[in-house]
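Student: In the working numbering, the protein residues as written are 739 to 1153.
1) DSSP on residue 1135, reduced to helix/strand/coil?
2) Is it the case that the Cβ atoms of residue 894 and residue 857 are separated by a distance below 9 Å?
3) Does the region 1042-1052 come within contact of the region 999-1018, defined as at least 3 CB pairs closer than 8 Å?
4) Quick check: residue 808 and residue 1125, are their CB atoms within less than 9 Å of each other?
5) In its own chain, which residues sit with a C-beta less than 7 Å from the C-beta of residue 1077, not counting the 5 before and 5 after it?
6) Output needed for residue 782: all residues of its chain with C-beta closer than 7 Å, excluding positions within five of it in sequence on either side, in chain order.
7) Hey, could you find the ends of the alpha helix (DSSP H) residue 981 is sitting in?
8) Across the region 987-1003 and the region 1011-1029, are there enough close Cβ pairs to call them in contact, namely three or more that are closer than 8 Å?
9) Beta-carbon within less than 6 Å of residue 912's beta-carbon, same chain only, minus the 5 sequence neighbours each way: which residues are those?
10) Quick one: give me the first and last residue of the alpha helix (DSSP H) that residue 1123 is part of.
11) Report yes if the CB atom of residue 772 is closer than 9 Å to the CB atom of residue 804, and no otherwise.
12) Just to confirm before moving on: does the CB-CB distance between residue 778 and residue 1096 stay below 9 Å?
13) Tell me where the beta strand (DSSP E) around residue 961 begins and ends.
14) Any chance the region 976-993 sits against the region 836-854, with 3 or more Cβ pairs inside 8 Å?
15) Taking 8 Å as the limit between beta carbons, can you name the residues of its chain near residue 851, skipping five residues before and five after?
16) Put residue 918 into one of helix, strand or coil per three-state DSSP.
17) Within the same chain, show all residues whose beta-carbon is closer than 8 Å to that of residue 1106, passing over the 5 residues directly before and after it, in chain order.
18) Could you check the C-alpha separation between residue 1039 and residue 932 for me, to the nearest Å?
Spelled out as structure tokens, the structure:
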């Protein structure tokens, strides 16, 4: 089990398109006692001796007074808390994340909620243990049989907003050997604790906006790719969905400088650029085209054209931005170089979404596959962060445990 931290919090304020912390919409944070807990110190202690370790050690007693925008919470604090829960978002804020994410999906009555996937309720909530709601799932629970795992598929679009609010958020997991819905609830990896997995409070998009606004932090809503055929119910289009997300910020009076909308779909980015340019200029194009060699090459080649079309920020996964040399140095990838040459800002995802580094490297985990030969222990986490920040020049980093990035950013003077 990885060491986990005790938390306490902070706020950042408005951003300009260059990821500056201060801006026209800045407001004072409501909590100023940021505590990163023991994990960053554990990672630093595990590093090989050298200048980077010495620099990070020099900040051990340095107070952290503001939440750096460089530190972006991925789904809250899911290394320890149920993702997209109120508790997880507060944990992220207390660890000093300057931007907190809400993945946005829609319910049957077309209301927006925070959920990583439209159809993950069977693994991220207790819906299967509530018979009247479980019966509404796209694919009801089926127990494991010889040679076949237990299955289910429950979507936000299967239920109403009111029904969604009766659920408990839980750690994202399912027991593939389960014979009952109750047995199906748990089955995550040992390095993700279930100690705090006690009926987390699920969040609507508007509740998320109210919470993050009250903390003086910034927003990064991701418009999730629908798992149902669009137009939904015959007349709810992708464009309506994209506009509804932006409308929630307008309704709440949020300055666009504090909002960093995301999508994996280029058509969503282009929609915002055309119809909501104040929000679109800070839109983050999440790039999973890099998942195959052919797609990677096509993505690299497309970057100048995307910049010409107004895209400002690209966000591929960590492995797409780093390579490892024969002697173990972490260096910028072809994608990273091409993005900078095209004038594009970069952020990346998602630090500590993977197992302890020794295991992740041995398995060539998705996030570290390009650098697996150069990392071998948890202390190498800060080598990854440093290479992304100093060599690649990313302007922000999503993390499942924001304290790790907050500590680095504060020590290095990153806003």
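Where is the CB? At the ideal position from N, CA and C, for every residue including glycine. As the structure is a prediction and not an experimental result, all values here were calculated from the model.
Tutor: Quick look at the numbers:
1) strand
2) yes
3) yes
4) no
5) 1041, 1052, 1084
6) 791, 794, 795, 1120
7) 976-989
8) yes
9) 861, 922, 925
10) 1119-1124
11) yes
12) no
13) 956-961
14) yes
15) 842, 843, 844, 845, 894, 899, 902, 940, 941, 942, 943
16) coil
17) 1056, 1057, 1092, 1095, 1098, 1099, 1113, 1122
18) 43 Å
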